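*Asks:* My questions will all concern the structure given below.
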Amino acid sequence: MRIRRVADADRPRLFELWQAAVHATHDFLTPDDLAGITEMVRTDYFPAASFTVAVDGGDRPLGFIDVEDGTAINALFVDPACHGQGIGRALVDAALPQGVPLTVEVNEQNGAARAVYEHWGFRTIDRKPLDGEGRPYPLLVMRRD
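So for the sequence shown, my numbering puts the first residue at 60; every next one is plus one.
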């Protein structure tokens, strides 16, 4: 596995990876909400985001992270077929070395993601009752000091 900056040619694969990861971990979303989020991510977020990408030996993306201002994870998604292989942790560590305070917002209903972040040393410091678009999906604000 190698970590590198995103290339425009990666974006279609990263979107497929995002969809697979969301379908594997976000079963609490209603079909309408999932459709709306998918459209927003595809048209507004993915074209401009500056991702850091984990790739295999053939340069095929396995996961990606987006970090804002060097302190907040906006997105971290790994191919579900590769969960548990250290790809997410490698992306977090590559994007933000240990010792840098780091925050992330995690859907409260996504227990697996919450457990992973806790395993990596994050702790819940706040709770928001709605997601960023005002939908009824509470977010946990987590921080690693």
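Glycine included, every Cβ here is placed at the ideal spot set by N, Cα and C.
Bear in mind the structure is a predicted one, so any value in this text is a computation, not a measurement.
1) Report the residue ranges of all alpha helix (DSSP H) runs contained in full by the region 124-156; include only those spanning at least 4 residues, in chain order.
2) Compare the C-alpha of residue 105 against each of 195, 167, 71, 202 and name the closest.
3) Rounded to whole angstroms, what is the Cα-Cα separation between residue 127 and residue 148?
4) Would you please state the rounded distance, in angstroms, between the beta carbons of residue 179 and residue 159? I believe it to be under 8 Å.
5) Just the Cα atoms here: how many angstroms apart are residue 124 and residue 173?
6) Hey, would you say residue 114 sits closer than 8 Å to residue 61, going by beta carbons?
7) Just the Cα atoms here: how many angstroms apart are residue 102 and residue 78?
8) Are residue 84 and residue 154 touching if we call contact CB-CB under 8 Å?
9) How is residue 121 classed by DSSP in three states: helix, strand or coil?
10) Does DSSP classify residue 97 as helix, strand or coil?
11) Using 10 angstroms around the beta-carbon of residue 87, count the other beta-carbons present and answer buried if the total reaches 16, otherwise exposed.
12) Cβ of residue 187 within 8 Å of Cβ of residue 195?
13) What span of residues does the beta strand (DSSP E) with residue 194 cover, start to end?
*Replies:* Reading from the atomic positions:
1) 146-154
2) 71
3) 17 Å
4) With 8 Å as the limit, residue 179 and residue 159 do not qualify as a contact, their Cβ atoms being about 13 Å apart.
5) 16 Å
6) yes
7) 14 Å
8) no
9) strand
10) helix
11) exposed
12) no
13) Segment: none, residue 194 is in no beta strand (DSSP E) and carries neither H nor E.
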